[in-house]
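Below is one structure, written out as structure tokens; comments come after it.
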Amino acid sequence: MSAIATTALFILTFAEQSTAVTDGDNAEIFAKLCLALQLGDGKPTFEPPQAAEPPATPTDLYRLNISLAPPEWRSKFIKKATKTQPEAEPLPTDLKDKDWQAKWSLWAEAALYTSNEDNSKQLKNKFNLAGATEQQMKAIRQDIQTAADTAYAIHSAIAGGEPAQPKSNGQLTTELNTALYGEGKTAADQLDATKLIGGGDGSYTTVCGGTGSKKPENTLVGTLLCVCGISSTANGKKPCSKAQEADAKWEPSNIPNPTNWGYIRNLCPKLGRQKISAQRLEALIAALQTTVNAQNNALFIGSTGESTCNGNANGACVKIPSAVVNGVQKVDAVPFINKLENIKTELISRQRYNTQMTHARRALQKLETHALQLTSRAHYTELPGAGSSTQGADKGNGKTVTGETDCSAHKKNTTCTAAKNCKWEGKSETDGKCTADESKVKEQLSTAGAGTAATNAEGKKCSKKKNEGECKDSCKWDGKECKDTSFLNSKFALSMAACFISLVAF
């Protein structure tokens, strides 16, 4: 034999050996595919946990706001009827204001609720307003309205689907199984070629070699059948592991039978319940992408260097024709990887949603706490009426001239003594009359006068303090300048809304 002939024979033999399927060819690739397969073992647990429930409607804050409104305004929302029980006034058909349209039912419910004496009493007790005067409640009205409007802005954004509620655990589990086994299938089901590769009939070469309409890359298991299986005409080949019990032959015109699939599955031990997070999926997807290589305009998974996949002489692999354009892999080239990517995106959205719901819940809680602080301090708010030089007690009619308390309006000892500057003169709970307590009124007026002067002076002092260290007592540093704390009440509520809005706009 000539030297040239010998050399040619060597080259042909080497070429045949380099292209034929050999044991363990795809062991490295299989290890990464196995990690994905194990995601479907048992019932998966997704992290973070199921999306948090949206915060409850701040109903009491809305009711408090309406209860402080003038009676004539509240009456707009109560239906004028002859029935014993009052009803909420329906939305007027000619109402043009969009804000009123949006809030009408909310206001009407609150007005109807607070029109009931027992309900009104219960609400006042909750917010420590029992016994507070009209003037004292009027003093906090604007700040309560700001808090209620801010709460409405936050809660209505959530109720309107902003941000959108992410998918449930059940939905994500279905999507995961679809990526692994095909639509409607799980690890517990027998393999279904129609779901795995998009059709039941087809030889290894037709399906895995990309010459037909079948798409094994649609599912992870479909891909595994090509990477670890062999043609029906091959014998004894174990491309995914030398330790495989037996070869996983395809049927002449169909996927491997359950027994042969079992040889592949046994190489990848089943795990218990899996915890699946976005971080885990991100690492897995990056690993899966390394199993893919490109040749011209086609992608290949398995048997690196092959240009044809036939499960025998030309490698055990998946060929995906026309999957590369100008050197760039198409986004949807490997569908099962895309499906895992979608689940990862959903889990990231879930984390953001949970964070936003937590912040919204805290913001609403802070607004209600802020409102409670305002109402609890209302008793200590003394607002002298016009003509303070004549302030005092009118013994004749039982009223204080400040107009803050009408003692004569109280017909019971309990309500009389609970009211400021009043005292009960009588023999029993209902036998007697409620009159102004002159000693308390004088004390109130002198204290109020001194307090008002101090507040005004302090307000001037606050504005003159130039740094945070000097900003003390009744002053508060807002980040740039020193201000009277009362100025910051509305600003607090608005900051809650701004904080929530910034979280939603991601």
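Counted the way mature numbering (1 follows the signal peptide of the UniProt record, and there is no 0) counts, the sequence shown spans residues -20 to -1, 1 to 486.
We put the CB at the ideal spot given by N, CA and C, even for glycine.
Please read all numbers here as calculations on a predicted model, not as lab measurements.
Fill in: Beta-carbon contacts of E423 that lie in its chain and below 8 Å, excluding the five residues immediately before and after
Residue placement at E423 cannot be trusted, given a pLDDT of 49 that sits under 50; what the coordinates show is reported in the next sentence. Excluding residues within five positions, none has a Cβ falling inside 8 Å.
Discussion item. Using 8 Å for Cβ pairs, my map puts R253 next to G20. What's the rounded Cβ distance?
Written reply: Contact doesn't hold; Cβ gap of about 11 Å is too wide.
Worksheet entry | Beta-carbon proximity list for K147, same chain, < 6 Å, skipping 5 on both sides | E326
Item to complete: Compare the beta carbon distance of L347 and T130 with 8 Å and say whether it is the shorter of the two.
Response: Inclusion of L347 and T130 in the CB contact set at 8 Å is warranted, their separation being smaller than that value.
Worksheet item: For A(-1), which of helix, strand or coil comes out of DSSP?
Response: coil
Worksheet item: What are the boundary residues of the beta strand (DSSP E) that G190 is part of?
Response: Careful: G190 lies outside any beta strand (DSSP E) and carries neither H nor E.
Discussion item. Short of 7 Å in beta carbon distance, which residues of its chain neighbour N334, apart from the five on each side in sequence? Order them along the chain.
Written reply: P28, A31 and A32
Worksheet entry | Straight-line Cα distance separating T126 from S356 | 17 Å
Practice prompt. Give the DSSP-derived three-state secondary structure of T203 in the structure shown.
Written response: helix
Practice prompt. With a 10 Å radius around its C-beta and 16 neighbouring C-beta atoms as the bar for buried, classify A82 as buried or exposed.
Written response: exposed
Discussion item. Considering only the alpha carbon of each residue, which of T199, P35 and L200 lies closest to Y132?
Written reply: For Y132, the closest of T199, P35 and L200 by C-alpha to C-alpha distance is P35.
Practice prompt. Sort Y360, A274, T288 and I328 by Cα distance to E262 and report the nearest one.
Written response: I328
Item to complete: Check whether the Cβ atoms of K194 and G179 lie closer than 8 Å to each other.
Response: yes
Discussion item. Considering only the alpha carbon of each residue, which of K299, N290 and N294 lies closest to N277?
Written reply: K299
Discussion item. Check whether the segment 210 to 224 and the segment 336 to 344 touch, using three or more Cβ-Cβ pairs below 8 Å as the test.
Written reply: No, the segment 210 to 224 does not touch the segment 336 to 344.
Worksheet item: What is the rounded straight-line gap between the Cα of A(-1) and the Cα of Q151?
Response: The alpha-carbon of A(-1) is positioned some 42 Å away from that of Q151.
Worksheet entry | Cβ-Cβ distance between residue 507 and D411 below 8 Å | The chain is shown from -20 up to 486; residue 507 falls before or after that span and cannot be answered.
Item to complete: Mind reading off the beta-carbon distance from K319 to A258? Whole number of angstroms is fine, and I expect it under 8 Å.
Response: Wrong, their Cβ atoms sit about 14 Å apart, outside the cutoff.
Discussion item. Quick test of your reading: L264 and Q309, contact by CB under 8 Å. State the CB separation rounded to the nearest angstrom.
Written reply: Contact doesn't hold; Cβ gap of about 18 Å is too wide.
Worksheet item: Exposed or buried, S287, counting other C-beta atoms within 10 Å across all chains shown (16 or more means buried)?
Response: exposed
Worksheet item: Since T271 contacts L13 with CB under 8 Å, what's their CB separation in whole angstroms?
Response: Right, their Cβ atoms sit about 7 Å apart.
Worksheet item: Who does E114 pair with in a DSSP beta bridge?
Response: Partner(s): none; E114 has no beta bridge.
Discussion item. So, with DSSP's three-state summary, where would you put K229?
Written reply: strand
Item to complete: Using 10 angstroms around the beta-carbon of G141, count the other beta-carbons present and answer buried if the total reaches 16, otherwise exposed.
Response: exposed
Practice prompt. Name the two residues that bound the continuous beta strand (DSSP E) containing K403.
Written response: C402 to G406
Practice prompt. Following the continuous beta strand (DSSP E) through K413, name the residue where it begins and the one where it ends.
Written response: K413 -> beta strand (DSSP E) spans G412 to A416.
Worksheet entry | DSSP-derived helix/strand/coil call for E8 | DSSP, read as helix, strand or coil, puts E8 in helix.
Discussion item. To the nearest angstrom, how far is the alpha carbon of L103 from that of Q145?
Written reply: 33 Å
Worksheet item: Since F316 is in the alpha helix (DSSP H), which residue starts that stretch and which ends it?
Response: That run of the alpha helix (DSSP H) goes P315 to R357.
Worksheet item: Distance, Cα to Cα, R341 vs K106?
Response: Put simply, the backbone Cα of R341 is about 20 Å away from that of K106.
Worksheet item: Excluding five sequence neighbours on each side, which residues of the same chain lie with their C-beta closer than 8 Å to the C-beta of E409?
Response: K392, N393 and T394
Worksheet item: According to DSSP, is T25 helix, strand or coil?
Response: strand
Worksheet entry | 8 Å CB neighbourhood of E450 in its chain, flanking five on each side removed | C462
Worksheet item: Rounded to a whole number of angstroms, what is the C-alpha to C-alpha distance between A88 and P51?
Response: Straight-line Cα distance between these residues: approximately 13 Å.
Worksheet item: Is the CB-CB distance between W241 and S183 below 8 Å?
Response: no
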